[in-house]
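Take 837 as the starting number for the sequence shown in our numbering and just add one per residue. Backbone N, C-alpha and C define an ideal beta-carbon position, used for all residues, glycine too. Fair warning: this is a prediction, and the values are worked out from it, not measured in the lab.
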Amino acid sequence: MKEIWNIIGDKEGHIYVCGDARNMAREVKEIIIETIMTEGSKTRTEAEAYLKRMESQRRYSADVWS
837 MKEIWNIIGD KEGHIYVCGD ARNMAREVKE IIIETIMTEG SKTRTEAEAY LKRMESQRRY
897 SADVWS
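Listed below in structure tokens is the structure:
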């Protein structure tokens, strides 16, 4: 989790998720939210807002299918 936070939090990196929308994409999104909460010291609400900001900045993109 520290490595993920280093990329998305400290370095403002990008994440691209490709794959199954039904399970994999949801699980990856949940892990990212948990990482933001744990490593970024944020509440769940703050972590979800952080991820939404990443999406609006095109730092989090998903190409998923069902």
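When you compare only the Cα positions, how much space is there between residue i and residue j?
i	j	result
residue 899	residue 840	19 angstroms
residue 894	residue 874	23 angstroms
residue 872	residue 901	25 angstroms
With DSSP as the reference, label residue i as helix, strand or coil.
i	result
residue 855	strand
residue 902	coil
Once you ignore the five residues that flank residue i on each side, which residues in its own chain have a CB closer than 8 angstroms to its CB?
i	result
residue 868	840, 844, 851, 887, 896
residue 884	869
Going by DSSP, what residues sit across from residue i in a beta bridge?
i	result
residue 896	851
Note down, in chain order, each residue of its chain lying with its Cβ closer than 7 angstroms to the Cβ of residue i, except the 5 sequence neighbours on either side.
i	result
residue 838	875
(message) List, from N- to C-terminal side, the alpha helix (DSSP H) runs of 4 residues or more that fit wholly inside the region 858 to 882.
(response) Every alpha helix (DSSP H) of 4 residues or more that sits fully in the region 858 to 882 is shown, in chain order, as 860 to 875.
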